[in-house]
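2 protein chains.
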Amino acid sequence: MSLEDPEDKGENKSRRAMPARGTEKAGTGAKPTLKTIAELTGLAVTTVSRALADAPQIALETRLRVRQVAEEIGYLPDRAAQRLRTGRTNVISLVLDPHEEILGYATSMINGLTEALRGTAYHLVITPHFLNTPQIDPVRHIMRNRMADGIIFTRTEPSDERVKLLMENNFPFICHGRTELATAHPFVDYDNYGFAYQAARKLIAAGAKKLSIILPPDRFTFAHHMRHGFMTAVREEGVGFEIATGVTLDSKSDDIRDYVYKRMGEPERPDGYICGGEVSALAVMASAYDRGLELGSDVHLVAKQTSGLFDQIRPRVETIYEDLTEAGLLMGRLLLKHIAGRAPVAELQALQTV
Amino acid sequence: MSLEDPEDKGENKSRRAMPARGTEKAGTGAKPTLKTIAELTGLAVTTVSRALADAPQIALETRLRVRQVAEEIGYLPDRAAQRLRTGRTNVISLVLDPHEEILGYATSMINGLTEALRGTAYHLVITPHFLNTPQIDPVRHIMRNRMADGIIFTRTEPSDERVKLLMENNFPFICHGRTELATAHPFVDYDNYGFAYQAARKLIAAGAKKLSIILPPDRFTFAHHMRHGFMTAVREEGVGFEIATGVTLDSKSDDIRDYVYKRMGEPERPDGYICGGEVSALAVMASAYDRGLELGSDVHLVAKQTSGLFDQIRPRVETIYEDLTEAGLLMGRLLLKHIAGRAPVAELQALQTV
DNA sequence: ACCCGCATTTATATCGTTATAAATCCCGAT
DNA sequence: ATCGGGATTTATAACGATATAAATGCGGGT
Chain A
1 MSLEDPEDKG ENKSRRAMPA RGTEKAGTGA KPTLKTIAEL TGLAVTTVSR ALADAPQIAL
61 ETRLRVRQVA EEIGYLPDRA AQRLRTGRTN VISLVLDPHE EILGYATSMI NGLTEALRGT
121 AYHLVITPHF LNTPQIDPVR HIMRNRMADG IIFTRTEPSD ERVKLLMENN FPFICHGRTE
181 LATAHPFVDY DNYGFAYQAA RKLIAAGAKK LSIILPPDRF TFAHHMRHGF MTAVREEGVG
241 FEIATGVTLD SKSDDIRDYV YKRMGEPERP DGYICGGEVS ALAVMASAYD RGLELGSDVH
301 LVAKQTSGLF DQIRPRVETI YEDLTEAGLL MGRLLLKHIA GRAPVAELQA LQTV
Chain B
355 MSLEDPEDKG ENKSRRAMPA RGTEKAGTGA KPTLKTIAEL TGLAVTTVSR ALADAPQIAL
415 ETRLRVRQVA EEIGYLPDRA AQRLRTGRTN VISLVLDPHE EILGYATSMI NGLTEALRGT
475 AYHLVITPHF LNTPQIDPVR HIMRNRMADG IIFTRTEPSD ERVKLLMENN FPFICHGRTE
535 LATAHPFVDY DNYGFAYQAA RKLIAAGAKK LSIILPPDRF TFAHHMRHGF MTAVREEGVG
595 FEIATGVTLD SKSDDIRDYV YKRMGEPERP DGYICGGEVS ALAVMASAYD RGLELGSDVH
655 LVAKQTSGLF DQIRPRVETI YEDLTEAGLL MGRLLLKHIA GRAPVAELQA LQTV
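Structural data, given as structure tokens:
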């Protein structure tokens with residue numbers, strides 16, 4: 001195609017992209033629009049539009065004919081035009097905390113979201129931080145400028161400002177994790193209480209005498225859930241415990257390792273660790289290894305698993321699975337339901353069990 | 355904001371989204387457009403548009419005034435309108451092979467891309483597979499329907515159809531990996547030849563007598579590069595070698611482990627493994643562990659590292675780093691350059707060294 | 001005063017779609 | 001024959017931005 005008119009130099013100026021739009025040849029070159037179909041069928045543009053929308057006021061025969069022609073010429077509606085006219089964007093924004101425990105977390109969720117959106121008119125746009133305005137809340141930005149029809153975000157806080165803002169403005173959203181606000185809102189969450197509770201019991205069953213848990217940063221709701229589940233279990237069993245101080249699941253993995261390594265050398269050291277993430281679990285394993293402690297006898301470990309990673313880790317580690325792909329799938333479906341029409345909030349909430 | 359009129363219940367009916375658009379109060383409610391600015395400044399819409407575009411024909415004073423007002427009222431151009439009018443989408447599509455070795459690979463790259471696009475008008479859209487048309491080439495779809503201004507894809511093949519198609523149509527793109535086509539095209543690649551070569555030499559230096567390499571599927575160009583680097587090294591050194599058969603880096607990790615485990619029990623087993631990915635390296639480690647072989651003496655391993663994962667893996671493994679975040683950053687920048695205007699192809703190519 | 005040219009601003013048309021209101025057509029009832 | 005009314009189709013305007021061409025204002029040369 002670019003070899004067609006090697007002599008025509010004057011036109012090269014508008015080389016921006018694609019064959020110039022003026023091509024008269026109505027063949028297959030130009031992108032088909034409603035107008036194209038209108039001309040082919042002898043109908044008006046409006047009629048074609050409504051026919052494709054399957055409006056009952058358009059004769060069935062006409063609808064079928066239009067649809068057939070549209071199919072034949074490979075018509076696809078121009079999203080920009082639709083968006084401009086209707087105000088709907090057909091976009092779902094996934095807002096990712098830049099400090100995300102990125103490995104696996106986001107990816108699994110994206111896979112699920114993708115699956116939920118497949119076959120719909122919706123696109124997924126990843127919005128990690130924002131443009132050149134470093135600290136302006138991306139959620140506010142998306143909402144105010146209608147960059148999306150719905151927002152998804154993660155790492156919810158007990159009194160999350162994003163939730164408040166979106167609720168106030170009745171803007172469709174769903175978050176991963178819960179708040180502690182009085183008014184109900186859509187969410188998908190994992191039973192982190194159950195996770196920590198079960199993890200503690202597993203450690204105790206394995207013979208651990210003093211448990212330690214590495215928690216997420218305290219500002220996140222799920223940190224509270226985990227702490228609560230952990231505390232409940234250790235109190236029920238009357239076993240020794242501590243909560244890692246100075247490091248969280250968000251800490252650099254080297255820092256976590258350093259902390260655990262140091263702790264493993266001190267008196268009254270814990271012999272049972274609970275890790276809410278894969279990286280921190282590996283850090284605990286590395287610490288034990290570097291201390292010459294044997295996993296499964298000297299030290300015990302229960303980790304949260306969100307990928308297949310631990311299937312290849314030796315020695316084998318006890319894990320509890322959180323299915324983030326499923327979470328993404330759920331969030332996608334619930335958000336679409338939310339956008340589509342009114343659904344009772346209760347229907348837009350899901351709690352994944354351990 | 356929602357506390358302002360707590361009594362106004364009647365309005366709740368139009369609950370769909372946001373305050374109804376009819377709000378006459380010109381305050382902060384309605385989304386500002388060029389028209390808003392035009393009214394505020396007493397200028398024509400056209401003038402405002404050009405002023406914001408910093409057109410030299412508009413008086414400097416006017417430009418400043420317009421910009422100031424725009425800033426004050428928080429004006430942001432409507433992307434749909436811009437897109438409809440100019441044909442530019444301000445979108446970059448990252449097309450992801452659904453069989454992607456997703457863990458870390460895509461995520462790192464996305465981080466880099468995000469960084470490259472930050473502060474520009476471009477959005478990143480992830481396109482994993484497509485809509486309800488399972489097997490229609492997503493690249494063709496994006497190009498034909500102008501869903502993006504540029505395309506990024508990975509896992510390039512020697513005679514890649516996507517590259518051909520996009521080149522024929524002069525559509526901006528950049529791919530991760532190279533082809534073996536005669537005509538040059540933009541790409542970012544990692545020196546996988548160098549990786550395999552260096553890895554082999556490291557193993558030999560460590561005392562390995564028979565090397566084995568697990569390669570990517572043969573259809574990808576970088577599989578050839580790796581094989582070539584590997585072969586060069588083993589021939590130079592005259593050491594024993596083999597190439598893993600029946601499994602590739604894309605195989606399920608359990609299958610890789612089973613294969614290696616089996617091989618480790620056979621006569622003339624390799625004692626030095628090269629893995630082009632983290633998961634496969636873990637599988638090799640697990641196999642050795644399950645066989646009771648000690649890493650670093652009985653068996654040696656050199657792995658490609660694309661994340662911080664291996665910093666926490668014990669025993670420590672020799673790795674060679676491929677910076678996929680940097681690759682994403684490069685790809686983003688080069689693609690923007692490509693889109694912006696003409697840049698010699700040579701300037702749109704980058705090879706990351708080992 | 002007049003006209004010219006330069007700097008600056010403005011009017012108009014358009015991108016592709018859809019909401020609204022108006023216009024046809026056909027048929028049976030008067 | 002005329003009219004009303006349901007079924008179907010169409011014309012017009014608008015979403016918000018920008019490309020193009022036209023218009024305005026102003027100072028200087030004659």
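Protein sequence lines, in the order shown, are assigned to chains A and B.
Counted from 1, the first sequence has number 244 at position 244 by my numbering; the numbering is strictly sequential.
Here my numbering = 1-based position in the second sequence + 354.
Where a beta carbon is used, it is the ideal one built from N, C-alpha and C, also for glycine.
- Taken atom to atom, the span from the alpha-carbon of B/Asp644 to that of B/Tyr615 is near 8 Å.
- Only residues of its own chain outside the window of five on either side were considered, and among them Ala223, Thr248, Leu249 and Asp250 have a CB closer than 8 Å to the CB of A/Pro217, listed in chain order.
- At a cut-off of 7 Å between beta-carbon atoms, B/His477 makes contact with chain A.
- Within the segment 226-282 of chain A, complete alpha helix (DSSP H) segments of at least 4 residues are found at 253-264, given in chain order.
- Under the Cβ criterion (8 Å, minimum of three pairs), the segment 84-100 of chain A counts as touching the segment 137-151 of chain A.
- Here B/Ile597 really is in contact with B/Arg581; their C-beta atoms are around 7 Å apart, less than 8 Å.
- With a threshold of 7 Å between beta carbons, A/Asn145 makes contact with chain B.
- Beyond the five residues adjoining it in sequence on each side, A/Thr306 comes within less than 7 Å, by CB distance, of Gly104, Tyr105, Ser108, Glu278, Glu322 and Leu324 in the same chain, given in chain order.
- For B/Ser447, the enclosing beta strand (DSSP E) begins and ends at Val445 to Val449.
- When C-alpha distances from B/His530 are compared across B/Leu418, B/Asp545 and B/Leu519, the shortest belongs to B/Asp545.
- Proximity of A/Ala53 to chain B, defined by a Cβ-Cβ separation below 7 Å, is not satisfied.
- B/Tyr675 carries a strand assignment under DSSP once its states are collapsed to helix, strand and coil.
- Those residues of the segment 260-282 of chain A placed with their C-beta closer than 8 Å to a C-beta in chain B are Val279 and Leu282, ordered along the chain.
- B/Ala434 reaches chain A at Ala80, Arg83 and Leu84, counting residues in chain order whose Cβ is nearer than 7 Å.
- A/Gln68 counts as exposed, since fewer than 16 other C-beta atoms from the protein chains shown sit within 10 angstroms of its C-beta.
- Annotation: the continuous alpha helix (DSSP H) that includes B/Gly548 extends over Asn546 to Ala559.
- At the C-beta level, A/Gly229 and A/Tyr193 come within 7 Å of one another.
- Judged by DSSP in its simplified three-state form, A/Lys337 adopts helix.
- Taking a Cβ-Cβ threshold of 9 Å, none of the residues of chain B is close to A/Asp160; the smallest such distance is about 16 Å.
- Counting every other CB atom within 10 Å of its CB across the protein chains shown gives B/Glu680 a total of 16 or more, marking it as buried.
- For B/Leu438, the enclosing alpha helix (DSSP H) starts and ends at Arg433 to Thr440.
- Close partners of A/Asp311 in chain B (Cβ separation under 7 Å): Ser607 and Asp608.
- Interface annotation, A/Thr248: not in contact with chain B, CB-CB separation never under 7 Å.
- The criterion of a C-beta distance shorter than 7 Å is not satisfied by A/Ala233 and A/Cys275.
- For A/Phe171, DSSP assigns no beta-bridge partner whatsoever.
- In the DSSP annotation of this structure, the continuous segment of the beta strand (DSSP E) that includes A/Gln352 starts and ends at Gln349 to Gln352.
- Secondary-structure assignment with DSSP links A/Gly150 through a beta bridge to A/Ile92.
- Chain A has no Cβ within less than 7 Å of the Cβ of B/Arg442.
- Ranked by how close their Cα comes to the Cα of A/Arg333, the residues A/Leu348, A/Ile320 and A/Arg342 have A/Leu348 in first place.
- Burial is judged here by how many other beta carbons sit within 10 angstroms of a residue's own beta carbon; B/Arg696 has fewer than 16 and is exposed.
- Here A/Ser212 carries a strand assignment [DSSP, helix/strand/coil].
- With a threshold of 16 other beta carbon atoms within 10 Å, B/Gln666 meets it and is buried.
- Interface flag for B/Tyr675 against chain A is unset, since no Cβ pair is found closer than 7 Å.
- Per DSSP, the unbroken beta strand (DSSP E) holding A/Val125 starts and ends at His123 to Thr127.
- Distance from B/Val638 to B/Leu647 at the Cβ level is roughly 10 Å; contact not present, criterion being Cβ atoms closer than 8 Å.
- At a Cβ-Cβ threshold of 7 Å, A/Asp78 and A/Arg155 do not count as neighbours.
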